[in-house]
Amino acid sequence: MKKILVLLTFLFVIIIENIYSQELNIIPKPVNQVTLTERFNLNDECRVIIQKDNKEVKRLAEYLKSDFEKRTGLKLKIDYDKKSKGIQLKLDTSIKETDGYKLAVGSDNIIVSGNNYKGILYGIQTMKMILSHDKEFYLPGCRITDYPRYPHRGFMLDASRHFQSIGFVKKVLDMMALLKLNVFHWHLIDDEGWRIESKKYPKLNEIGSYRDSLYAVERNGYYSQAEIKEVLKYAGERYIKVIPEVEMPGHSRSVMASYPELLCPTGEGGKTYCAGNLKSYEFLKNVITEILDLFKPEIIHVGGDERPKGVWEKCPDCKQMIIDKNLANEDMLQNYFMKEICDFISKKGVKTFAWAENIKDGIPKNQIVEGWHPGESWEAANRGYYTVNADNWFTYFDYPSYPRNDRPDWMRVLNLETAYSFNPTPDSLQESQHKFILGSECALWTELVLENDVQYQLFPRILAFSEVVWSLPEKNYEQFLYRVKKVKPYINSIGFEFEKGAW
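End of the sequence shown = 1045 in our numbering, gap-free, step of one.
Here is the structure:
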């Protein structure tokens, strides 16, 4: 009997392996894919074929050529003759889905067609993932039709608690592009450090960027404006939107250390703007103007959560502001505070993004709500607010993937299967409200994470997240896990190691 069970198990594994091997090892999984027996062999005679007068497609061709040359040593040529055999990159308005693409790989030609330039890039990323090698480099024959499930597919990196180098940030952006993530939420300001060079308020860098003498490299410092522009250019070339975050009214100890006159006169808390002090509003409007001029963003994140309780309640200036503005309590004072700043930002043509704090009391006009507690995005969508569902039970990758004694008790265990099970659009949400779910973000808070350890916190869980926000909602964890194991060598080759014992 035991021998029969072993044999049946062996046969089952062989059958499953055969079934899964019929699919290409692509993460995130395409909407539709068909494998073919033929394949396209790469050699030095291979051409990347583009339309002559399109500079952006030419840039994408150079991007593809450079990547393949690094990986294969082959020097592909760029050509404008559509009759040539090779890899053709083209725009195709018949593809209706925004950012969608089609990839057709035959023995003589490869055609990558995109609804827009992003679509072409995403087709290139899929090619990069399926590039194979036996006696020579080749791409397996296939027909793929693909497009994203959500428009907002984000990754949030906390650079305040532990600081990362510009080179590492670029490496993260490359990883995001490969996984078809398109929003880099850069958490640059918190209690531990102010990470943006400020010309108008130099103490933010002289004091606020250097608050920890124990870890000079990873706990101190800031990005110069030139470095930030370098990152913005790099992200833009990969069609990744950068959203800077400026924390308020709490999480601001680095600001208060630099400009203590912005504290409540009681001195309570030490990390919260005084909402009764007009200088707080003046400072924020000035520094945000500087940040907007630097980043030129479509959206800026304004924080808005975890204001320490008991600070404003004891402050005479805050109490007077509550009276002057006819507000009910300190929570409504926060709503007033946030609305004052957000209205200022909106008048500059920039949208605001904020953590879901007091959505029951209303939010500033056109603000996007980021829900990080379970149910917050559900509530936001039900109230008719656009929201990004970053439910921490599924998306906070600073949480351990297995029980650990070196993590706080309040941190939940978030393993790969749980991360993969996430549905940003809750099942209980009425269909008419689905349009308000813009997508999701996974987050890496770095209180306990040094730069070199970021990779272990992200991989392989960020692979699950990328599929959650890109692919159709139907899931097969075992099939996904098979693909994870197959793409691991490539992920390793681009400089990211997986956490040991990740599955």
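Here a beta-carbon is modelled for each residue, glycine too, at the ideal position from N, C-alpha and C. Everything numeric in this text was worked out from a predicted model, so none of it was measured.
With distance defined between alpha-carbon atoms, name the residue in the options nearest to residue i.
| i | options | result |
| --- | --- | --- |
| L720 | E848, L805, M863, I568 | I568 |
| G1043 | K1027, I1033, S1035 | K1027 |
| K889 | A898, T937, E840 | E840 |
| V711 | F1022, R1025, V1029, N994 | N994 |
| N877 | K638, A817, P968 | A817 |
| W914 | P858, V991, L986 | L986 |
| R925 | D948, Q972, Y743, E639 | Q972 |
| D716 | L774, D948, K597 | L774 |
| S796 | N762, E734, L602 | E734 |
| K827 | K571, I620, K742 | K742 |
| I637 | E779, S655, P693, K625 | S655 |
| I1053 | V714, V892, Y927, D732 | Given that the chain is displayed from residue 543 to residue 1045, the structure contains no residue 1053 and the question cannot be resolved. |
| S822 | P791, G812, K851 | P791 |
| E848 | L606, K977, H976, D732 | D732 |
| D948 | I1033, V991, Y752 | V991 |
| P693 | N747, E983, E872 | E983 |
| K600 | E587, F825, K571, L633 | L633 |
| F1022 | N762, R780, E959, F939 | E959 |
| L699 | S707, I865, T988, F1040 | T988 |
Skipping 5 residues on each side, what residues in its chain have a beta carbon closer than 7 Å to that of residue i?
| i | result |
| --- | --- |
| D641 | N657, N658, K660, G661, Y664, Y689, P690 |
| I887 | I830, I842, T894 |
| N961 | Just to set this straight, residue 961 is Ala in the shown sequence, not Asn. Here the set comprises F936, R1003, A1006, F1007. |
| L566 | Q575, T577, I672, P682, C684 |
| K745 | S800, Y801 |
| P1031 | none |
| L804 | V797, M798, Y815, C816, N819, K821, S822, F825 |
Could you check if residue i is buried or exposed, using at least 16 other CB atoms within 10 Å of its CB as the buried criterion?
| i | result |
| --- | --- |
| P945 | exposed |
| K617 | exposed |
| Q1052 | What is shown of the chain runs 543 to 1045, which leaves residue 1052 out entirely. |
| P942 | buried |
| T967 | buried |
| W1045 | exposed |
| T551 | Caution applies to T551, whose pLDDT of 48 falls short of 50 and renders its modelled position unreliable; the value that the coordinates give is listed next. T551 comes out exposed. |
| A870 | exposed |
| N583 | exposed |
| T929 | buried |
| E1020 | exposed |
| I979 | buried |
| N585 | exposed |
| A675 | It should be pointed out that residue 675 corresponds to His in this sequence rather than to Ala. Label assigned to H675: exposed. |
| I666 | buried |
| I883 | buried |
| I556 | Unreliable placement is indicated for I556, whose pLDDT of 42 sits below 50; the coordinate value is still reported in the next sentence. Classification for I556: exposed. |
What does DSSP give as the partner residue(s) for residue i in the beta ladder?
| i | result |
| --- | --- |
| Y752 | N762 |
| I731 | W736 |
| F679 | H675 |
| Q575 | I686 |
| W897 | E912 |
| R691 | According to DSSP, which records beta bridges pairwise, R691 is partnered with nothing at all. |
| V784 | F726 |
| I637 | None; I637 has no bridge partner. |
| H843 | E787, F895 |
| K644 | S655, T687 |
| L986 | L699 |
| L631 | V654 |
Leaving out five residues before and five after residue i in sequence, what residues of the same chain have Cβ atoms less than 6 Å from its Cβ?
| i | result |
| --- | --- |
| M880 | G846 |
| Y622 | K594 |
| L608 | Looking at the sequence shown, residue 608 is not Leu but Ser. If we look at S608 and ignore the five residues flanking it on each side, it has no Cβ neighbours. |
| R581 | Y680, P682, G683 |
| R685 | V576, A646 |
| R1047 | As shown, the chain starts at 543 and ends at 1045. That puts residue 1047 outside it, with no answer to give. |
| F837 | P786 |
| R761 | D754 |
What residues in its chain sit with their C-beta under 8 Å from that of residue i, if we drop five residues either side in the sequence?
| i | result |
| --- | --- |
| K783 | N724, V725, F726, A777, P839, E840, I841 |
| K867 | L875, Y878 |
| C806 | T814, C816, G818, N819, V853, W854, K856, C857, D859, C860 |
| K624 | I591, Q630 |
Worksheet item: Looking at C-beta atoms only, is the number of pairs between the stretch 710-730 and the stretch 775-790 that lie closer than 8 Å three or more?
Response: Contact between the stretch 710-730 and the stretch 775-790 is present: 3 or more CB-CB pairs across the two stretches fall below 8 Å.
Worksheet item: Are at least three pairs of beta-carbons, each pair with one atom in the stretch 643-652 and one in the stretch 762-772, less than 8 Å apart?
Response: Result no; under three Cβ-Cβ pairs closer than 8 Å.
Item to complete: For the stretch 946-954 and the stretch 903-912, state whether three or more C-beta atom pairs, one from each stretch, are separated by less than 8 Å.
Response: Flag = no, the stretch 946-954 and the stretch 903-912 do not touch.
Item to complete: Could you tell me whether the stretch 670-680 touches the stretch 609-627, using the rule of 3 or more Cβ pairs below 8 Å?
Response: Counting C-beta pairs with one atom in each stretch, the stretch 670-680 and the stretch 609-627 have three or more that are closer than 8 Å, which means they touch.
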